Amino acid sequence: MAAERRAYSNLGNAYVFQGKFDLATDCYKKTVNIAQSLKDRAVEAQASYSLGNTYTLLNNYEEACKNHLKHLEIAQELGDRIGEGRACWSLGNVNTSLGNHEIALEYATRHLEISKE
Numbered sequence: 001m002a003a004e005r006r007a008y009s010n011l012g013n014a015y016v017f018q019g020k021f022d023l024a025t026d027c028y029k030k031t032v033n034i035a036q037s038l039k040d041r042a043v044e045a046q047a048s049y050s051l052g053n054t055y056t057l058l059n060n061y062e063e064a065c066k067n068h069l070k071h072l073e074i075a076q077e078l079g080d081r082i083g084e085g086r087a088c089w090s091l092g093n094v095n096t097s098l099g100n101h102e103i104a105l106e107y108a109t110r111h112l113e114i115s116k117e
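Take the sequence shown: its letters are residues 1 to 117, numbered as in the UniProt record's numbering.
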């Protein structure tokens with residue numbers, strides 16, 4: 001099952017490079033589901049990050065935000081400060097796109113604080 005998870009993740013990446021974002025989201029969703037069944041929180045976090053980025057490319061900012069929040073939650077749970085910083089950076093960008101400028105500024109500030117560690 002771990003090999004299948006890697007294959008879906010790699011396939012999602014290939015679809016992103018081809019601009020086939022809907023197909024990429026399908027692959028990343030499968031990656032998340034397999035990671036959850038394997039109880040691999042680190043892979044679930046990475047797949048949620050990839051899924052959030054792909055939804056951003058599709059201008060589906062609500063779904064992007066939901067997936068980046070999931071990434072942030074898992075990164076904090078795992079003590080992954082680099083992942084937490086990436087999630088905050090992404091959430092800042094998504095909230096800017098949504099017009100939530102105060103929230104975007106909060107996430108950007110958190111990203112800056114983490115980047116100084």
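For each residue, glycine too, the CB sits at the ideal point set by N, CA and C.
Here the structure is a predicted model, which is why all the values come from computation and not from measurement.
- Between arginine 5 and leucine 38 the beta-carbon gap is near 7 Å, inside 8 Å, which marks them as a contact.
- Minimum Cα-Cα distance from phenylalanine 21 among the listed residues Ala35, Tyr55 and Ala64 corresponds to Tyr55.
- Of the candidates Gly92, Ile82 and Glu77, the residue whose Cα lies closest to the Cα of alanine 104 is Gly92.
- Rounded to whole angstroms, the separation of the alpha carbons of glutamine 36 and methionine 1 is 11 Å.
- Under the 10 Å beta carbon count, leucine 57 is surrounded by fewer than 16 other beta carbons and is classified as exposed.
- It is roughly 6 Å from the alpha-carbon of histidine 111 to the alpha-carbon of tryptophan 89.
- When C-alpha distances from arginine 41 are compared across Glu62, Lys30, His71 and Lys29, the shortest belongs to His71.
- Setting aside the 5 residues that flank it on each side, threonine 31 is surrounded in the same chain by Arg5, Tyr8, Ser9 and Ala47, each with a C-beta closer than 6 Å to its C-beta; the list follows chain order.
- Out of Ile34, Leu98, Glu106 and Glu84, the CA that lies nearest to the CA of serine 115 is found in Glu84.
- In the displayed model, asparagine 60 falls within coil according to three-state DSSP, outside both helix and strand.
- Judged by DSSP in its simplified three-state form, asparagine 100 adopts coil rather than helix or strand.
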